[in-house]
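Residue numbers (full-length UniProt numbering): 1 to 691. Glycine residues also receive a C-beta, built at the ideal position from the N, C-alpha and C atoms. The model shown is predicted, which means the values in this text are computed figures rather than measured ones. All remarks here apply to the structure that follows.
Structure representation (structure tokens):
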């Protein structure tokens, strides 16, 4: 995002026109990607403009010494960037606390906001949120601050690089340094795109070349020394650059970005600025881009960019963004809030002389950012008190909230570890009033995808009540024994997780330990965007069916050799809509909720039937395998409901809630006790199957 510039370059109104087109492209893309599939490349246009304008502005900074030069540059950046940014971040934080529930979809939001206040929002997103087009990014009202982070980090570096040029006016050595850095950055982007797409998208080392293109252009094009000339060749190049830029915005490919697709908008923008500089003010493109309306939108483009994304994301969380009326509202609010920010925050503070010394400006900026961070932290800590959402009742909603236990025997400590392919959570009993007695004196291993972690509240209570040790081995998105496809069809990361988890249990489990295997084993009916169309899937042929069963037997046998007892979770109900997004007065009409929070039990039974048949076939070959069915507890009637008497059984479309954990505890605890008792009575022997 091209932030407001300083320096005497206001005589280039076509730059503001380019800014206007760039911000409008970004906003249109974010409201509905089908309107302008490559609109996200507007940010790349901003990067080139930023490098160009910031470099030109350095001609007018004091050159008496490096310290004064840097202080003036950073003070100007702080004065222009921080006031509107802080106002937007804090206001968005208030509305987020009111309307956005705590969920995996929003877990990186607060950290991103805090990072954005100090210019590192892009680093937070690269580490926590996956790529720019992932669900967590789409539902984070601060995702757009990634580009500000890149620019602010660039601003820390570029004055050091350009100081020799700004002082002497000699471009040779500086051009070589900036050019080599750009080339290195471009090569890094090309080499890392496939293996590290998130870092390549969000991090400055892979994006420097885009801003550097603007720097190189400014080093060799002084507006004051460039004489406009009428030339057919220049006009042709200008129109070619504009056409290439338009084609990129219309045809952009998000799957190969920033390498190689970012080359097109960066090269086209650089060429367009270079040719427009040589065009007379009366030339067609320069006149169009200098139109009063475009210049006005361009001048407030920073504020429009700041506000458009929180508006879109908050609507996405609440009333939705699918209907034309909602999309029109998003556009209108974005422009209105952008204008308000420009008119009442940016402009007055830019013109104000209060606290105008460099030191005062920098200290004020740091202090204001720190206070804003404290405010965000307070809102995060008090979220459940502030929120208007029913999901703030964490005891009912959060699967990780411990189920209450009468007279707990032990305290429970939890530790988390990353073991290569495995995310491990250990629940350990401490300060027990009495030692656990047989049969609950063994370890419980829980292996699965995110559905394993969704039983954490229940498992925590079992540790407190019974004193057993629990090890949760999970990998989100990787069901342990999917039973709908062979292992060879799993992703590499999931195949590695399954084999690593099975091997760990085989090596470390002891006779009498139990292995609980919960996972999503049905195709989801919906996601955060709403109901999903269910493709017609032909039943697997006999060979494929046998391979699914054989592979499951192999994995389970590996774990059973240690004497551990496997317990498979039978499929739970699933729903077309996510309960945590569809249970409040302000979101029940969201298009994501149109699938509803109920489903016929007969439909669930039909969906489960093939998986249950395979489980029973596996059980015939492994008599020690037991099956546990949560369906009778979660769906006792002919219709399954995600909400029961106003309390959630499910958090989203398939993970059990905190209340669901509480309801299932007696059934699952009885299953664990039965398994341990049978092993204690018949050590080393097979156990009669129980389903």
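Here's the rule: buried if 16 or more other CB atoms are within 10 angstroms of the residue's CB, otherwise exposed. What is residue 418?
Taking the chain shown and counting its residues from 1, one reaches residue 418 at position 418. So residue 418 ends up on the exposed side.
Residue 438 burial status per 10 Å Cβ neighbour count (16 or more: buried):
Start at 1 with the first residue of the chain shown, and residue 438 comes out as number 438. Note that residue 438 scores 48 on pLDDT, short of 50, meaning its location in the model is unreliable; the coordinates nonetheless yield the value given after this. With fewer than 16 other Cβ atoms within 10 Å, it is exposed.
Suppose contacts are defined by Cβ-Cβ distances below 8 angstroms. Is residue 365 in contact with residue 82 by that definition?
Working through the chain shown from its first residue, we reach residue 365 at position 365. Working through the chain shown from its first residue, we reach residue 82 at position 82. Contact check for residue 365 against residue 82 passes: the beta carbons are separated by less than 8 angstroms.
Using the beta-carbon count (16 or more within 10 Å), is residue 107 buried or exposed?
For the purposes of this step, residue 107 is taken as residue 107 along the chain shown, with counting starting at 1. The C-beta of residue 107 has fewer than 16 other C-beta atoms within 10 Å across all chains shown, which makes the residue exposed.
Measuring CB atoms only, is the stretch 278 to 293 touching the stretch 105 to 122, in the sense that at least three cross pairs come out at less than 8 angstroms?
Between the stretch 278 to 293 and the stretch 105 to 122 there are fewer than three C-beta pairs closer than 8 angstroms, too few to call the two in contact.
Between 302, 301, 218, 462, which lies nearest to residue 271 when the distance is taken from Cα to Cα?
Translated into the one-based positions of the chain shown, residue 271 becomes position 271. Closest option to residue 271, Cα to Cα, is 218.
Once DSSP output is grouped into helix, strand and coil, what is the label at residue 434?
Counting from one through the chain shown, the residue named residue 434 turns up at place 434. For residue 434, the secondary structure class from DSSP, reduced to helix, strand or coil, is coil.
Could you tell me which residues DSSP puts in a beta bridge with residue 416?
In the chain shown, residue 416 corresponds to position 416, counting from 1. Residue pairing for residue 416: DSSP places it in a beta bridge opposite 425.
Among 458, 543, 470, which residue has its Cα nearest to the Cα of residue 659?
Taking the chain shown and counting its residues from 1, the one referred to as residue 659 is at position 659. Taking only the C-alpha atoms, the option nearest residue 659 is 458.
Less than 8 angstroms between the C-beta atoms of residue 580 and residue 480, yes or no?
The residue given as residue 580 occupies position 580 in the chain shown. The residue given as residue 480 occupies position 480 in the chain shown. Contact annotation: residue 580 and residue 480 have beta-carbon atoms that are not nearer than 8 angstroms.
Entirely within the stretch 309 to 381 and at least 4 residues each: give me those alpha helix (DSSP H) ranges in chain order.
The stretch 309 to 381 contains these whole alpha helix (DSSP H) runs: 324 to 341, 347 to 351, 358 to 381.
How about the stretch 620 to 627 and the stretch 573 to 589: do they share at least three Cβ pairs that are nearer than 8 angstroms?
No, they do not touch.
Count the C-beta pairs between the stretch 45 to 63 and the stretch 327 to 336 that are closer than 8 angstroms, then say yes if the count reaches three, no if not.
For the pair of segments examined, the stretch 45 to 63 was found not to touch the stretch 327 to 336: the number of CB pairs separated by less than 8 angstroms stays below three.
Please give me, in chain order, every unbroken run of the alpha helix (DSSP H) with length at least 4 that falls completely inside the stretch 188 to 254.
Qualifying alpha helix (DSSP H) stretches, in chain order: 197 to 202, 208 to 220, 232 to 251.
Residue 14 burial status per 10 Å Cβ neighbour count (16 or more: buried):
Within the chain shown, residue 14 is the residue found at index 14, counting from 1. Residue 14 should be labelled buried.
Can you have a look at residue 12 and say buried or exposed, based on whether 16 or more other CB atoms are within 10 angstroms of its CB?
Locating residue 12 in the chain shown gives position 12, counting from the first residue. Under this definition residue 12 is a buried residue.
Between 633, 30, 645, which has its C-alpha nearest residue 327's C-alpha?
The count along the chain shown starts at 1 and reaches residue 327 at position 327. The residue with the shortest Cα to Cα distance from residue 327 is 30.
Hey, quick one: how far does the alpha helix (DSSP H) through residue 560 stretch, first residue to last?
Indexing the chain shown from 1 puts residue 560 at position 560. First-last of the alpha helix (DSSP H) with residue 560: 542 to 560.
Nearest-angstrom beta carbon gap, residue 476 and residue 655 [assumed within contact, 8 angstroms]:
Working through the chain shown from its first residue, we reach residue 655 at position 655. Working through the chain shown from its first residue, we reach residue 476 at position 476. Contact between residue 655 and residue 476 does not hold, since their C-beta atoms are separated by about 11 angstroms, which reaches or exceeds 8 angstroms.
Report yes if the C-beta distance between residue 285 and residue 38 is below 8 angstroms; otherwise report no.
Taking the first residue of the chain shown as position 1, residue 285 is located at position 285. Taking the first residue of the chain shown as position 1, residue 38 is located at position 38. Taking C-beta atoms as the reference points, residue 285 and residue 38 fail to come closer than 8 angstroms.
Does DSSP put residue 640 in a helix, a strand or coil?
The count along the chain shown starts at 1 and reaches residue 640 at position 640. In the structure shown, residue 640 sits in a strand (DSSP, three-state: E or B).
Same chain, Cβ closer than 6 angstroms to residue 692, five either side skipped, listed in chain order:
Beyond the ends of the chain as shown, which are 1 and 691, falls residue 692; an answer cannot be given.
Can you tell me whether residue 19 is helix, strand or coil according to DSSP?
As a first step, residue 19 must be located in the chain shown, where it is residue number 19. Shown here, residue 19 sits in a helix according to DSSP, grouped into three states.
Within 10 Å of its beta-carbon, does residue 636 have 16 or more other beta-carbons around it, so buried, or fewer, so exposed?
Your numbering for residue 636 matches position 636 in the chain shown. With fewer than 16 Cβ atoms within 10 Å of its Cβ, residue 636 is classed as exposed.
With H, G and I counted as helix, E and B as strand and the rest as coil, what does DSSP make of residue 529?
Working through the chain shown from its first residue, we reach residue 529 at position 529. DSSP, reduced to helix, strand and coil, places residue 529 outside both helices and strands of the structure shown, so it counts as coil.
So what does DSSP say about residue 474, is it helix, strand or coil?
As a position in the chain shown, residue 474 is number 474, starting the count at 1. Strand at residue 474.
Tell me the DSSP secondary structure of residue 70 in three-state form.
For the purposes of this step, residue 70 is taken as the residue at position 70 of the chain shown. Three-state result, residue 70: helix.
What residue from 607, 221, 358 has the CA that sits closest to residue 59's CA?
Locating residue 59 in the chain shown gives position 59, counting from the first residue. When C-alpha distances from residue 59 are compared across 607, 221, 358, the shortest belongs to 221.
Is the separation between the beta-carbon of residue 630 and that of residue 572 shorter than 8 angstroms?
Translated into the one-based positions of the chain shown, residue 630 becomes position 630. Translated into the one-based positions of the chain shown, residue 572 becomes position 572. Cβ distance < 8 angstroms, so residue 630 and residue 572 count as in contact.
Whole angstroms is fine: what's the gap from residue 473's alpha carbon to residue 202's?
Taking the first residue of the chain shown as position 1, residue 473 is located at position 473. Taking the first residue of the chain shown as position 1, residue 202 is located at position 202. One C-alpha to the other measures close to 30 angstroms.
From residue 446 to residue 405, what does the alpha carbon distance come to, in whole angstroms?
Taking the chain shown and counting its residues from 1, the one referred to as residue 446 is at position 446. Taking the chain shown and counting its residues from 1, the one referred to as residue 405 is at position 405. Rounded to the nearest angstrom, the two C-alpha atoms are 21 angstroms apart.
What is the DSSP secondary structure of residue 681, reduced to helix, strand or coil?
Against the chain shown, residue 681 aligns to sequence position 681. In this prediction, residue 681 scores a pLDDT of 40, lower than 50, which makes its location untrustworthy; the coordinate-derived value is nonetheless stated afterwards. Of the three classes helix, strand and coil, the one that applies to residue 681 here is helix, per DSSP.
Looking only at C-alpha atoms, which of 647, 547, 71 sits nearest to residue 357?
Reading the chain shown from its first residue, position 357 is the one you call residue 357. It is 71 whose Cα lies nearest to the Cα of residue 357.
If residue 494 and residue 467 are in contact, beta carbons under 8 angstroms, what's the gap, nearest whole angstrom?
Translated into positions along the chain shown, residue 494 becomes position 494. Translated into positions along the chain shown, residue 467 becomes position 467. About 33 angstroms separates the beta carbons of residue 494 and residue 467, which is beyond the 8 angstroms limit, so they are not a contact pair.
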